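Shown next, in structure tokens, is the structure this report addresses.
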Amino acid sequence: MISEQRIAPATAMPSFGALIDRANGLVQTIATPSMVQLALRLALAVPFWRSGILKWTGFLKLSDVAVTLFTDEFMLHLPGGPYHYPIPATMAFLSGCGEIMFPVLLVLGLGTRFAALGLLFMTVIVELTVPDGWPVHITWAAMALAIMAYGPGRVSLDHLFCRFVMRPDR
Numbered sequence: 005m006i007s008e009q010r011i012a013p014a015t016a017m018p019s020f021g022a023l024i025d026r027a028n029g030l031v032q033t034i035a036t037p038s039m040v041q042l043a044l045r046l047a048l049a050v051p052f053w054r055s056g057i058l059k060w061t062g063f064l065k066l067s068d069v070a071v072t073l074f075t076d077e078f079m080l081h082l083p084g085g086p087y088h089y090p091i092p093a094t095m096a097f098l099s100g101c102g103e104i105m106f107p108v109l110l111v112l113g114l115g116t117r118f119a120a121l122g123l124l125f126m127t128v129i130v131e132l133t134v135p136d137g138w139p140v141h142i143t144w145a146a147m148a149l150a151i152m153a154y155g156p157g158r159v160s161l162d163h164l165f166c167r168f169v170m171r172p173d174r
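See below:
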């Protein structure tokens, strides 16, 4: 005996548009703006921290390698150059300080836009020193600019400070 099979009406199955909407909702739940901002801050902080930690042998004591790099190895690739860094010991010290302080500020979300500006400036200097590294440097610059434009997000000390200190009525 042949049984009759019925095809379910099209309304019983979710439409393609509804599936897309559900997928978009799931992605937006995972990638909230604050989580994206936190990820940007961490991603930008890591390479600078790793470079900065190698420049120190103790509290405010630069390694000899850091000074040697700025004295003998690193060159500024400017028109008519390359040129040696002026005052290499001072440049090494400032670089080491920035590579430690700015990432810490970024991770904490404290003075975030200014820390990102500092790392953007350092990225420009790094690009002038290592011009072939532009694919990585442009990524760092984009992350710094995004942080500067959109701020640290809710997972930051800046947000807490603004919420509870600057506007205590909230």
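Residue 151 in my numbering sits at position 147 of the sequence shown, and the numbers go up by one each step.
For every residue, glycine included, the Cβ atom is placed at its ideal position computed from N, Cα and C.
Model, not experiment: these values are computed from the prediction.
Distance between beta carbons of residue j and residue i, contact taken as under 8 Å
| i | j | result |
| --- | --- | --- |
| PHE52 | LEU123 | 6 Å |
| LEU73 | ILE151 | Actually they are not in contact, since the Cβ atoms of LEU73 and ILE151 sit about 27 Å apart, beyond 8 Å. |
Simplified DSSP assignment, three categories, for residue i
| i | result |
| --- | --- |
| GLY100 | helix |
| HIS88 | strand |
| LEU42 | helix |
| LEU164 | helix |
| LEU114 | coil |
| LEU82 | coil |
Beta-carbon gap between residue i and residue j smaller than 8 Å
| i | j | result |
| --- | --- | --- |
| MET86 | MET79 | In the sequence under discussion, the amino acid at residue 86 is Pro, which differs from the Met named in the question. Yes; because the gap between Cβ atoms is below 8 Å, this pair is in contact. |
| THR116 | ARG26 | no |
| LEU66 | GLY157 | no |
| TRP144 | THR127 | yes |
| LEU64 | LEU114 | no |
| PHE139 | HIS81 | Residue identity differs from the one stated: residue 139 is Pro in this sequence, not Phe. Not in contact: PRO139 and HIS81 (Cβ atoms no closer than 8 Å). |
| GLY92 | VAL71 | One detail in the question is off: residue 92 reads as Pro in this sequence, not Gly. The answer is yes: Cβ separation under 8 Å. |
For residue i, the first and last residue of its enclosing alpha helix (DSSP H)
| i | result |
| --- | --- |
| THR61 | Note, THR61: premise wrong, no alpha helix (DSSP H); beta strand (DSSP E) at 60-62. |
| GLY29 | 20-34 |
| VAL1 | Lying outside 5 to 174, the shown extent of the chain, residue 1 is not represented and no answer is given. |
| MET147 | 138-154 |
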